[in-house]
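Undergrad:
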Amino acid sequence: PSAIVKKLFLEGKIVTVNQEISYEEAENIAMEYDILCEREVKVDVIEELLKEEEEEEASLKDRPPVICVMGHVDHGKTSLLDTIRKTHVTDREAGGITQHIGAYTVDVDGRKITFLDTPGHEAFTAMRMRGANSTDIAILVVAADDGVMPQTVEAISHAKAAGIEIVVAVNKIDKPSANIERVKQELTEHELIATDWGGNTEFVPVSAKTGDGIDDLLETILLTADILELKANPDRRARGLVIEAELDKGRGPVATVLVQKGTLHVGDFVSAGACHGKVRAMIDDKGRRVKEAAPSTPVEILGLSDVPSAGEVFLAHENDKTAKSYAETYLAQNKEKMLEETRSKMSLDDLFSQ
Ligand code: GDP
Ligand code: MG
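Position in the sequence shown counted from 1, then plus 554, gives you the UniProt record's numbering.
#1: For Ala689, does the three-state DSSP call read helix, strand or coil?
#2: Determine whether the Cβ of Pro704 lies closer than 8 Å to any Cβ atom of chain D.
#3: Using DSSP with H/G/I as helix, E/B as strand and the rest coil, what is Met836?
#4: Who does Glu890 pair with in a DSSP beta bridge?
#5: Let me confirm a value: Phe563 is counted as buried when at least 16 other C-beta atoms fall within 10 Å, else exposed. Which label applies?
#6: Name, in chain order, the residues that DSSP records as bridge partners for Thr659.
#7: Where does Pro849 fall in DSSP's three states?
#8: Pair every Cβ in the segment 805-825 with every Cβ in the segment 868-876, then say whether three or more of these pairs are closer than 8 Å.
#9: For a test of your reading of the model: does the CB of His629 fall under 7 Å from any non-hydrogen atom of ligand 1? Yes or no.
#10: How close, in whole Å, do the beta carbons of Ile727 and Ile734 come, if the pair is a contact with beta carbons under 8 Å?
#11: Can you list, in chain order, the residues of its chain with a C-beta nearer than 6 Å to that of Tyr880? Leave out the 5 residues immediately preceding and following it.
#12: Rounded to whole angstroms, what's the CA-CA distance from Ala779 to Tyr658? Just pull it up for me.
#13: At a cut-off of 7 Å, is Asp728 close to ligand 1 when judged by its beta-carbon and the heavy atoms of the ligand?
#14: Leaving out five residues before and five after Val732 in sequence, what residues of the same chain have Cβ atoms less than 7 Å from its Cβ?
#15: Could you check what DSSP says for Gln573 in three-state terms: helix, strand or coil?
#16: Between the Cα of Lys803 and those of Pro555, Asp822, Val861, Glu586, spot the shortest distance and give me the residue it belongs to.
#17: Near Lys561, which residues of its chain fall below 7 Å by C-beta distance, leaving aside the five closest residues on each side in sequence?
#18: Looking at ligand 1, does it come within less than 7 Å of Ala723, judged from the CB to the closest heavy atom?
#19: Is the closest heavy atom of ligand 1 to the C-beta of Lys640 under 7 Å?
#20: Between the C-alpha atoms of Val662 and Glu565, what's the straight-line distance to the nearest angstrom?
#21: Any idea which residues DSSP pairs Asn725 with across the strands?
#22: Do Val695 and Leu634 have their beta-carbon atoms positioned less than 8 Å apart in this structure?
#23: Considering Cα atoms alone, identify which of Glu846, Asp874, Asn787 is closest to Cys829.
#24: Mind checking which residues open and close the alpha helix (DSSP H) that includes Lys773?
#25: Quickly, what does DSSP pair Gly806 with across the bridge? List them, please.
#26: What are the start and end residues of the alpha helix (DSSP H) that includes Leu869?
#27: Does DSSP put Leu746 in a helix, a strand or coil?
#28: Taking the Cβ atom as the reference point for each residue, do Ile855 and Gly656 lie within a distance shorter than 8 Å?
#29: Answer with buried or exposed for Gln814, where buried requires no fewer than 16 other C-beta atoms within 10 angstroms of its C-beta.
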């Protein structure tokens, strides 16, 4: 304590031992001391920063739901995402170019829904390993002509373990052999009971092929989101997840991130795992350059020192020094863990849209 009091004193701030200091001040001090401290202490600094802070109720504002699509292979995950994108993201918005950045946002009745649409859904996989979530609601796609299959069951258990709300999309209802009631019956065995059967799981019959039921599905997602009361504080430094990242020949490291809290701005100093940098430019899912990104918004960011892994937490920092020192400490601490994660990339990938 005396070292902290002295440090603040030398900066011209007079504090006593039992006085509260701001989060920023504490963060600065932690970062600075961390450089001098032993390994054990460094872990604490990283964990402290990664901890989800309590937010003041009054600072919380509604945010769009973040959705992923799960289900058995060939039940129509990719087709469903394609149909939603085609019918709800207009060319006009995209300026004629449909950009693919692993996540996209659609407008439904003036409200937004964010879809994660990444190959193998890497962010979800990685975040599950870290015990955190990228998604609010999972659409469980079950083909009405095929019913519940092994990966359907696996998907349910993953969603449940992660505490994610499930909405069932009974797909391929255009097929003559479609049997919606059978899907409902089979899913009761997995504690997903349709609302019209007295349960509380929404079942929406759809056809990714004809587009039938897609609007109902989106409405149902919005109703589910209302019940979940999804909120975030947009007025703080940004925090979120890396959805996917790659090294672009011309642009250098490009990361698609999902902002979960706060607002990310061009010019912000950020870290993502062992990478850091200053956000040089941001591009939204419609290929437009944007200056800021609010909670639940996916954006591509340029300016990182390196290519981060999908699922990594990204944080905006007060300055370049804290961003860099965070990344360096993270690297020193996580070399082993990062290797392990690459090794154990699970079959979970198969469950998600790709
Ligand atoms: P995924 O493996 O879950 O991503 O499934 P896909 O989206 O790749 O779909 C598997 C196959 O089912 C493809 O041949 C699709 O054209 C077909 N399919 C997907 N949705 C529908 C649908 O609503 N109706 C019909 N008839 N076929 C569909
Ligand atoms: Mg697919």
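Glycine included, C-beta positions come from ideal geometry on N, C-alpha and C.
TA: Taking the structure as given:
#1: This sequence places Thr at residue 689; Ala is not what is there. If DSSP states are grouped into helix, strand and coil, Thr689 belongs with coil.
#2: No chain D appears in this structure, which consists of one protein chain only.
#3: In this structure, Met836 counts as strand in the three-state DSSP scheme.
#4: DSSP output for Glu890 lists no bridge partner at all.
#5: Exposed is the call here.
#6: In the DSSP output, where bridge partners are listed per residue, Thr659 has Thr668.
#7: DSSP places Pro849 in coil when its eight states are reduced to three.
#8: Output reads yes: the segment 868-876 touches the segment 805-825.
#9: Indeed, a heavy atom of ligand 1 lies less than 7 Å from the Cβ.
#10: Between Ile727 and Ile734, the beta carbon gap of about 7 Å places them in contact (Cβ cut-off 8 Å).
#11: Sequence-distant Cβ neighbours of Tyr880 in its own chain, meaning closer than 6 Å and more than five residues away, are Ser825.
#12: Taking the Cα positions, Ala779 is about 17 Å away from Tyr658.
#13: Between ligand 1 and Asp728, a heavy atom-to-CB distance of less than 7 Å is present.
#14: The sequence given here has Ala at residue 732, not Val. Within the same chain, Ala732 has close Cβ partners Ala698, Asp699, Lys726.
#15: It is coil, neither helix nor strand.
#16: Relative to Lys803, the option among Pro555, Asp822, Val861, Glu586 whose CA is nearest is Val861.
#17: Closer than 7 Å at the Cβ level, and outside the excluded window around Lys561, lie Ile583.
#18: It does not: the Cβ of Ala723 is nowhere closer than 7 Å to a heavy atom of ligand 1.
#19: Outside the cutoff, so no.
#20: Computed Cα separation, rounded: 51 Å.
#21: Secondary-structure assignment with DSSP links Asn725 through a beta bridge to Ala697.
#22: Their beta carbons are under 8 Å apart, which means Leu634 touches Val695 by this criterion.
#23: Out of Glu846, Asp874, Asn787, Asp874 has the C-alpha closest to the C-alpha of Cys829.
#24: Inspection of the sequence shows that residue 773 is occupied by Glu rather than by Lys. Where Glu773 is concerned, the enclosing alpha helix (DSSP H) stretches over 768-782.
#25: DSSP lists Asp802 as partners of Gly806.
#26: From DSSP, Leu869 is part of no alpha helix (DSSP H) but of the beta strand (DSSP E) over 867-871.
#27: Three-state DSSP puts Leu746 in coil, outside helix and strand.
#28: For Ile855 and Gly656, no; Cβs fall outside 8 Å.
#29: Only buried fits Gln814, as 16 or more other CB atoms lie within 10 angstroms of its CB.
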